[in-house]
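I have placed the structure first, in the form of structure tokens, so that the comments after it can refer back to it.
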């Protein structure tokens, strides 16, 4: 089982592996620049635990955990 | 517009939060005309601009991340591009998030239209240490890149010069040819002939781009006007690709991003900037504890301003209306014309402008929150709560505003992106207990609970508190039910950009708030004025000549009998009130009150309260003044002692009192849940774009109110109360 964006620890860089959700959402995310190979990082969690905020392609995007769980990532090796 | 040829159009397009509207306002000098796109409730801001010898129409297209569309609202931009008289597009790109903004620019350039890219917020990009070679970008994209700072009006002249060049005939964008995978090219070859039949006027060069658009947009869409054979062709291609394990969406989008990444690597510095100001601010504003405190304080501030801060202004408008009414009454001879002007027209205009302070305040607040970037954080912080009832985090501010008044609150739903989410919010929030319900509660509480207590608390306070709690619960429940039944569909997704914090520009805040107000005054105001006049007619006609004659004789008698001037005035005033009460009882509205008595008797009301409810349709607090007339008291407010006494003394035909604690609770619940407000109806009509939704709103709230009051009153009687 590969980790999803929802499992990623705060601040950990990762590369998106795939987006496995309904087409409407995956298309939207891809058009906003979240593509296989794109580097992402979770920078913040909302005070009530959901949603989370990502840093991707020099901007910040927030997603609910349920949606982030559908984005499979490969974490980069920590230096 | 007269019969002249339409002006050549220049679209201003760009991502949300890229400063597109700021640039539009800077170019148009605030002279924009705000209308509606046909068929959808999306504002269409346009302005006429003189360039050399010709006029052009500048159109502010709604913010978007892509031309891909799955709803009629998203289709607007594509329609404007392909069907309108679009001669050029200014694509506004936030220089600090180049890649995402240029994805849209690339699509526009691919489509063959003449594009000028306005690289906005260059100052912020420089501060972040981003180096952008605009000349190299212009070469790579085949379209001019002009650095601008829209808020400081920097670069506008260069932008206009580039626009003039772009408007020259036979100019189009050249270059920017994205390489797509071979398999996709084969699909396109199949699709282009089908698309060509649909779009016979589209130049050949653009058909390819249109075919790409169809592949990406069609399938799970609700777009209008796409021919079946195009849909079938797209469906077949996508199905075939799926069977081979290909992902068409991914192929198209990643090819474009690959092209962009390559182009940007040639023209920009690559290093990621360090933590920005925004990052530091966010550490505080979305902090688990401090963030929630700031959130609560900001929300309370908005609430307080709408609830209490607007009060003096509303009072002033009401006084002014009263003054105008008195003036008109003094000038015009008594009669139907005077009544029409005083109680119909002036009252109606008053009913419209009385909303102005709250609308202006709410939109100044929302504008500030939105332009500063905090509104996205509000949604971020509170989404967890809203998600539970199927609402979007952005529904919070409109719902909260509903405590003050549903009219500005319904208008505030336009910050919510998707139409379905917006409608659910709009249809649930009139259940929030607005400030116009409070006087009704106070009158009822003062009438039936005066001096009573429940344990430590006064019974009235408990009743009031219960109403507010109930209103929140019912609103959230209604949202959840409407989302599952009337407007089913996928739960709202929360994909929200968190824009960097920025200091909003005051003139633009004012300009936007003023535009919103103007739309309300014109569109909803017309309906409110018409309804006020209709209500006036219902409660004034027919006038009984017998009653008038009887009271004329009574007046003569009273004048003869009176011992002093004071006594005479007193007697005449009392006769006036009695006549008004009798005429009202005899009017269409009064007869209607009598007619519905059998229906409202089971919820504890009599015909007099029925007439009050009809009058309250003008605005809930009018219930009280209508009752004042019904009971022959004359002018009355919620603290009026004679009115409270008259209510206590009122008896049903069988001699039982009308107002008991139980019927009082039933009445409060009815007012809490019923849509007794024509202004809400009018504004929902304006914001939803059809009469269907206000009719639904009125129907469901009335049924809900009746059933709830029935349950309370009948249940209470069974249990031995009242």
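Residue numbers (the working numbering), protein chains in the order written: chain W, 629 to 707; chain X, 3 to 724. For each residue, glycine too, the CB sits at the ideal point set by N, CA and C.
Just reading off the alpha helix (DSSP H) that residue 534 of chain X is part of, what are its end residues? 527-542
To the nearest angstrom, report how far apart residue 492 of chain X and residue 394 of chain X are at their CA atoms. 12 Å
Members of the stretch 99-131 of chain X that neighbour chain W once the beta carbon cut-off is set at 8 Å: 99, 100, 101, 102, 105
Are the C-beta of residue 182 of chain X and some C-beta of chain W separated by less than 7 Å? no
Given 8 Å, three or more beta-carbon pairs between the stretch 441-458 of chain X and the stretch 639-646 of chain X: yes
Measure the C-alpha to C-alpha separation of residue 528 of chain X and residue 358 of chain X and round it to an integer number of angstroms. 14 Å
Determine contact between the stretch 399-409 of chain X and the stretch 534-545 of chain X, defined as no fewer than three beta-carbon pairs at a distance below 8 Å. no
So if I threshold CB-CB distances at 7 Å, which residues from the stretch 672-699 of chain W count as touching chain X? 672, 674, 675, 676, 677, 678, 679, 681, 685, 686, 687, 688, 689, 690, 691, 692, 695
Buried versus exposed call for residue 471 of chain X [16 or more other C-beta atoms within 10 Å across all chains shown]: exposed
Around the Cβ of residue 709 of chain X, are there at least 16 other Cβ atoms within 10 angstroms (buried) or fewer (exposed)? exposed
Identify which residue in X:113, X:309, X:346, X:566 has its Cα closest to the Cα of residue 327 of chain X. X:346
Less than 7 Å between CB atoms is the rule here; does residue 470 of chain X satisfy it with respect to chain W? no
Beta-carbon within less than 7 Å of residue 314 of chain X's beta-carbon, same chain only, minus the 5 sequence neighbours each way: which residues are those? none
Go ahead and label residue 147 of chain X buried or exposed: buried means 16 or more other beta carbons lie within 10 angstroms of its beta carbon, across all protein chains shown. buried
Quickly, what does DSSP pair residue 14 of chain X with across the bridge? List them, please. X:62, X:92
Taking a cut of 7 Å between CB atoms, which residues from the stretch 496-511 of chain X lie near chain W? 496, 497, 498, 499, 500
Residues that residue 659 of chain W contacts on chain X, provided the C-beta gap is smaller than 7 Å: 67, 68, 70, 105, 255
Since I believe residue 98 of chain X is in contact with residue 126 of chain X (beta carbons under 8 Å), could you give me their beta-carbon distance rounded to a whole number of angstroms? 5 Å
Tell me, please, whether the CB atom of residue 373 of chain X is closer than 7 Å to any CB atom in chain W? no
Looking only at C-alpha atoms, which of X:144, X:20, X:603 sits nearest to residue 95 of chain X? X:20
Just the chain W side, please: which residues come within less than 9 Å of residue 775 of chain X by C-beta, in chain order? A query on residue 775 of chain X cannot be resolved here, the shown segment of chain X reaching from 3 to 724 and no further.
Output needed in chain order: residues of the stretch 636-664 of chain W with a Cβ under 8 Å from some Cβ in chain X. 650, 651, 652, 653, 654, 655, 656, 657, 658, 659, 660, 661, 663, 664
Using only the heavy atoms of the ligand SAH, determine whether one of them is closer than 6 Å to the beta carbon of residue 513 of chain X. No copy of the ligand SAH occurs in the structure displayed, which carries no ligand at all.
Pair within 7 Å by beta-carbon distance, residue 677 of chain X and residue 712 of chain X: no
Whole-angstrom Cβ separation of residue 668 of chain X and residue 605 of chain X, contact assumed at under 8 Å? 5 Å
Taking three-plus beta-carbon pairs below 8 Å as touching, is the stretch 216-223 of chain X in contact with the stretch 61-72 of chain X? yes
Within 7 Å of any Cβ in chain W, is that where the Cβ of residue 259 of chain X sits? yes
Using a C-beta to C-beta distance shorter than 8 Å, which residues of chain W count as neighbours of residue 251 of chain X? 651, 654, 655, 658
Between the stretch 572-583 of chain X and the stretch 626-640 of chain X, are three or more C-beta pairs nearer than 8 Å? yes
Going along the chain, which unbroken runs of the alpha helix (DSSP H) with 4 or more residues stay wholly within the stretch 584-623 of chain X? 590-602, 609-617
DSSP-derived helix/strand/coil call for residue 677 of chain X: coil
Can you give the Cα-Cα distance for residue 59 of chain X and residue 52 of chain X, rounded to whole angstroms? 9 Å
Which residue wins for smallest C-alpha separation from residue 714 of chain X, given the options X:663, X:685, X:701? X:663
Which residues share a DSSP beta bridge with residue 642 of chain X? The partner list for residue 642 of chain X (beta bridge, DSSP) is empty, contrary to what the question assumes.
Is there a Cβ of chain W sitting closer than 7 Å to that of residue 290 of chain X, yes or no? yes
Which ranges would you report for the alpha helix (DSSP H) in the stretch 324-361 of chain X if only whole runs of at least 4 residues count? 338-341, 349-355
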